[in-house]
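Numbers given in this note's numbering equal positions in the sequence shown, counted from 1, plus 1. Built from N, CA and C at the ideal position, the CB exists for glycine as well. For clarity, every value in this text was computed on a predicted model and none was experimentally measured. This report refers to the structure that appears directly beneath it.
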Amino acid sequence: MKIAYPMRIDAFKQPGGDLYQIQAYIDAGQRIERSTAVPFAGKVIVDFKEDFTEYDIVHLTNIDRPVDAFAYYLSAKRAGKPIVLSTIHHSYQEVNRYEREGRGGVVGLVSGNLRFPQLELLRSMIRCAESPQLIKPTWTVMRRGVYEIQRALLSNANLIQILSKKERIDIAKDFGELESNHFVCIRNGCESSPPGTAAKNEGHRDLEVCVVGRIEARKNQIKILEALEQLGLSGVFIGKENLNHRQYCREFKSRIARSSSKYLAGLSHAETLRYMRRSRVHVSASWFEVSSLVDLEAYGEGCAIVSSQCGGTHELLGENAQYVDPGDSQDIERGILAAMGRTERAHSVKLGKDWSEVAIQLSELYCHLLGRRPNKTLSHRTPSTCEI
């Protein structure tokens with residue numbers, strides 16, 4: 002099977018969790034053993050002129066970038082291809098709060114007084130300066146409306162893939178109820194060290210806190226740094242800078258240079274896991290999130306977890322993590338203190354599937370959509386999913 006994965010036009014220039022997710026799908030899909038499921042070959046596309054006729058399925062991503070997604074949707078429809086939609090949708094309520102309280106600076110003064118549809122159109126017009134191919138699709142969305150375009154994507158996709166139960170709830174709140182049989186919940190895979198590696202490292206946790214994530218206002222690293230300073234703790238911060246958040250990055254680097262914490266910039270995945278194994282606690286306090294992969298990876302490496310209440314981590318970790326309000330400094334401090342005081346590190350929660358198992362679920366989904374039998378040994382059925 003050949004799968005097209007059209008993504009936002011700047012996916013390679015500004016890589017994020019969405020690109021990591023899709024690349025993991027493609028890598029694992031190619032490695033599927035034929036005795037297990039049908040392998041699939043995928044391609045990330047960042048060009049509106051791409052011809053979809055040679056592909057079996059078009060797998061769209063990210064309804065929160067509706068200008069890009071709708072342009073690809075129209076091309077897929079013209080080519081007569083089935084459409085899977087990975088929504089990667091963030092709660093309007095949480096996004097609006099972030100714009101009011103978390104942005105800061107001149108941008109925050111403007112964005113805090115706008116709603117998501119207005120903001121996204123403004124951002125898309127700014128992106129047109131660097132990517133002229135966005136001009137026509139931006140005009141299309143301006144005429145029809147951001148909300149209406151998002152609703153059209155949701156209503157007309159053959160299947161909607163979500164990453165968490167929370168995402169399904171947020172979609173219902175923001176766009177109204179849709180037919181439940183259109184939704185399939187396939188969580189992200191989680192690649193951690195071999196079993197027992199974290200346990201062997203328990204006596205060598207020489208770091209108090211690690212914080213992994215792209216440096217940007219949404220990830221809230223400055224507020225985490227302030228909490229660590231108030232508590233007299235130090236941390237290591239790992240992640241590339243978001244070039245669209247230059248002022249925030251400058252302020253973060255200036256503050257951390259005057260603290261006992263360290264900024265290590267972007268590291269390889271393997272090196273990041275090694276720092277997690279050295280750390281007692283991992284902290285994330287994002288203003289909005291669909292499903293935090295770093296929370297699960299850090300948990301798998303034996304860290305105590307402090308996670309944002311604005312995400313789906315609680316669906317997997319439950320009471321095995323501390324959940325904090327990203328806008329409440331004292332609550333972040335409370336969560337870190339509680340995690341630091343945890344002495345029992347035996348992790349009993351099964352994190353779920355690795356990416357190879359996720360690829361098998363996707364293969365089943367694609368075969369179902371194409372009306373094919375996934376494998377001689379597998380019955381023709383809809384893919385296995387998490388409950389919604």
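Check: Are Glu-298 and Thr-273 closer than 9 Å when you measure CB to CB?
Finding: Cβ distance < 9 Å, so Glu-298 and Thr-273 count as in contact.
Next item on the list: With DSSP collapsed to three states, give me the class of Tyr-324.
Entry: Reduced to three states, the DSSP call for Tyr-324 is strand.
Margin query: With three or more C-beta pairs closer than 8 Å as the rule, is the segment 10–21 touching the segment 35–52?
Written below: Counting Cβ pairs under 8 Å, three or more are found: they touch.
Note to self: With DSSP as the reference, identify every bridge partner of Pro-83, one or two as the case may be.
What the structure shows: DSSP output for Pro-83 lists no bridge partner at all.
Item checked: Cutoff 6 Å; reference Ala-347; Cβ partners in own chain excluding five residues on either side -> Note that Ala-347 scores a pLDDT of 49, beneath 50, so its modelled location is shaky; the value from the coordinates is reported in the next line. Contacts found: none.
Notebook entry, point to check: So is the beta-carbon of Ala-153 under 8 Å away from any non-hydrogen atom of the ligand COA?
Noted result: Because no ligand of any kind appears in the structure shown, any question about the ligand COA cannot be addressed here.
Check: Tell me, which residues are paired with His-283 by DSSP?
Finding: Paired residues: Cys-211, Ile-306.
Next item on the list: Work out the CA separation of Ala-25 and Glu-55 for me, nearest whole Å.
Entry: Their Cα atoms are separated by approximately 22 Å.
Next item on the list: Counting only the same chain and skipping the five closest in sequence on each side, list residues whose C-beta sits under 6 Å from that of Pro-138.
Entry: Result list for Pro-138: Val-68, Ala-72, in chain order.
Checklist line | Residues near Gln-323 in its chain [Cβ-Cβ closer than 6 Å; skip 5 each side] | finding: These residues qualify, in order along the chain: Val-307, Gly-336, Ala-339, Ala-340.
Notebook entry, point to check: Apart from the five residues just before and just after Arg-144, which ones in its own chain have a Cβ nearer than 8 Å to its Cβ?
Noted result: If we look at Arg-144 and ignore the five residues flanking it on each side, it has no Cβ neighbours.
Item checked: Reduced DSSP secondary structure (H/G/I, E/B, other) of Gly-236 -> Under the three-state reduction of DSSP output, Gly-236 falls in the strand class.
Next item on the list: Indicate whether Tyr-6 and Ile-33 have their beta-carbon atoms separated by less than 9 Å.
Entry: Not in contact: Tyr-6 and Ile-33 (Cβ atoms no closer than 9 Å).
Note to self: Considering only their Cβ atoms, is the gap separating Lys-224 from Ser-330 smaller than 9 Å?
What the structure shows: Ser-330 places its beta carbon less than 9 Å from that of Lys-224.
Next item on the list: Look up Ile-163 in the DSSP assignment and give the residues it is bridged to.
Entry: Ile-163 pairs with Cys-186.
Notebook entry, point to check: Does the distance from the CB of Val-213 to the CB of Val-282 come in under 9 Å?
Noted result: Contact: no.
Item checked: Nearest-angstrom Cα separation, counted from Leu-20 out to His-91 -> Taking the straight line from one Cα to the other gives about 16 Å.
Notebook entry, point to check: If you draw a straight line from the C-alpha of Ala-360 to the C-alpha of Ala-29, how long is it?
Noted result: Taking the straight line from one Cα to the other gives about 6 Å.
Item checked: Residue environment, Gln-119, which counts as buried when at least 16 other CB atoms sit within 10 Å -> Around the Cβ of Gln-119, a 10 Å sphere holds fewer than 16 other Cβ atoms; the residue is exposed.
Note to self: Using only CA atoms, which one of Glu-209, Asp-175, Leu-318, Glu-149 lies nearest to Gln-94?
What the structure shows: The shortest C-alpha separation from Gln-94 is found at Asp-175.
Margin query: Just verifying my parser: in three-state terms, what is the DSSP assignment at Glu-242?
Written below: Assignment of Glu-242 by DSSP, reduced to helix, strand and coil, places it in the strand class.
Notebook entry, point to check: When you compare only the Cα positions, how much space is there between Pro-83 and Ala-70?
Noted result: So the alpha carbons of these two residues sit roughly 15 Å apart.
Check: Does Gly-372 come within less than 9 Å of chain D when only Cβ atoms are used?
Finding: Among the chains of the structure shown, chain D does not appear; only one protein chain is present.
Next item on the list: Report the rounded CA-to-CA distance for Ser-280 versus Glu-209, giving the unit in angstroms.
Entry: Between the alpha carbons of Ser-280 and Glu-209 lies a gap of roughly 6 Å.
Check: When you compare each of Cys-191, Gly-240, Ile-27 to Lys-263 by their alpha carbons, which one comes out closest?
Finding: If we check each option's Cα against that of Lys-263, Gly-240 comes out closest.
Check: Hey, would you say Glu-231 sits closer than 9 Å to Glu-334, going by beta carbons?
Finding: The sequence as given places Gln at residue 231; Glu does not occur at that position. Between Gln-231 and Glu-334, the C-beta gap is smaller than 9 Å, which places the two residues in contact.
Note to self: Between Leu-226 and Arg-256, how many whole angstroms is the CB-CB distance? I'm expecting something under 8 Å.
What the structure shows: Contact flag correct, Cβ pair sits at about 6 Å.
Notebook entry, point to check: Beta-carbon separation of Leu-123 and Val-142 under 9 Å?
Noted result: In this structure, Val-142 does not lie closer than 9 Å to Leu-123 by Cβ.
Check: What first and last residue would you give for the beta strand (DSSP E) that runs through Pro-7?
Finding: First-last of the beta strand (DSSP E) with Pro-7: 3–7.
Margin query: If we require 4 or more residues per run, which alpha helix (DSSP H) segments fall completely within the segment 122–165?
Written below: Restricting attention to alpha helix (DSSP H) runs no shorter than 4 residues, the segment 122–165 encloses them at 136–145, 147–157, ordered along the chain.
Item checked: Rounded Cβ spacing between Ile-27 and Gly-43 (contact assumed at less than 8 Å) -> Contact flag correct, Cβ pair sits at about 4 Å.
Note to self: With the cut-off set at 9 Å, would you say Phe-53 and Ala-77 are in Cβ contact?
What the structure shows: Yes, Cβ-Cβ distance for Phe-53 and Ala-77 is below 9 Å.
Check: Between the C-alpha atoms of Trp-288 and Val-96, what's the straight-line distance to the nearest angstrom?
Finding: Between Trp-288 and Val-96, the alpha-carbon positions lie close to 7 Å from each other.
Checklist line | For Ser-261 and Ala-173, the rounded distance between their alpha carbons | finding: Rounded to the nearest whole angstrom, the C-alpha separation of Ala-173 and Ser-261 is 44 Å.
Checklist line | Where Ala-299 falls: helix, strand or coil (DSSP) | finding: If DSSP states are grouped into helix, strand and coil, Ala-299 belongs with the helices.
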